[in-house]
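In my numbering, the protein residues as written are 1136 to 1334.
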Amino acid sequence: MDKNKSDLNPEEKVENIILEGENVKEESSVVSEAEVLEKEECNNTVDLKEFSKYKDEALKTKEENIELQERLLRVTAEYENYRKRTTKEKESIYGYACEDVLKNILPVLDNLERAALTDGSVEDIKKGVEITLKQFKEALEKLQIEEIDTNSGFDPNMHEAVMHVVDESLGEKEIIEVFQKGYKKGDKVIRYSVVKVAN
């Protein structure tokens, strides 16, 4: 096929054209394979970049997870220590409160025991009980415990009505009898007054 194309006879020309077409196909298939390989390499590079990115994110998430678990353990331990400490403090406060109350009431008990041992007259015993009662009321005052007032009318926040009487000669919600005295410390009711109420 070194001959010029113009010197070729028609059969040779046809054969030459066929051969040239095959060469073009081979070249295009070579180009296509090269393009495919190049695209695959490009995709692999992109895949590696994405993989690396996801791997970094996974490592970061794992580190954050470990850090959060450690924080959770610390917070849980701190809470447990706090709970134990407050329980001890509560018990301690209760112990001190009881101690304070008993320091004020024990002298009254001492006087009652002394009165029980005496062989005095009824008048002497009565006088001893009055002194002891006065001492007990003073102990309550030191503890800031006061008797609930029943002269100002019925108050459901301070009194417990166990009987009700309708009597037009008495005022509304008037306390006419106290069955049991009530006591409070500040605004906190320790024991409600048990009363009979009119109208």
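Heads up, the beta-carbon is just placed ideally off N, CA and C, and yes, glycines get one too.
Here the structure is a predicted model, which is why all the values come from computation and not from measurement.
| Asked | Found |
| --- | --- |
| In the structure shown, what three-state DSSP assignment does Tyr-1189 receive? | helix |
| When burial is assigned at 16 or more other CB atoms within 10 Å of the CB, is Phe-1314 buried or exposed? | exposed |
| Report yes if the C-beta distance between Asn-1239 and Leu-1278 is below 8 Å; otherwise report no. | yes |
| Please specify which runs of the beta strand (DSSP E), each continuous and at least 3 residues long, are wholly inside the region 1288-1317, giving them in chain order. | 1294-1300, 1309-1315 |
| Taking 8 Å as the cut-off, does the region 1288-1304 touch the region 1248-1261 (at least 3 CB pairs, one atom from each stretch)? | no |
| Give the DSSP-derived three-state secondary structure of Ser-1256 in the structure shown. | coil |
| List the residues that DSSP assigns as beta-bridge partners of Glu-1282. | Tyr-1318 |
| Quick check on Ala-1193: buried or exposed, where buried means 16 or more other Cβ atoms within 10 Å of its Cβ? | exposed |
| Going by DSSP, which residues form a beta bridge with Ser-1328? | His-1294 |
| Which residues in the same chain as Glu-1312 place their Cβ atom closer than 8 Å to its Cβ, once the five residues preceding and following it in sequence are excluded? | Met-1298, Val-1330, Lys-1331 |
| If distances are taken between C-alpha atoms only, which option among Thr-1285, Ser-1256, Glu-1147 comes closest to Glu-1309? | Thr-1285 |
| So does the region 1268-1275 actually touch the region 1240-1247, counting three or more Cβ pairs closer than 8 Å? | yes |
| Please work out which residues of its chain come closer than 6 Å, Cβ to Cβ, to Gly-1263, disregarding the five sequence neighbours upstream and downstream, and give them in chain order. | Ala-1250 |
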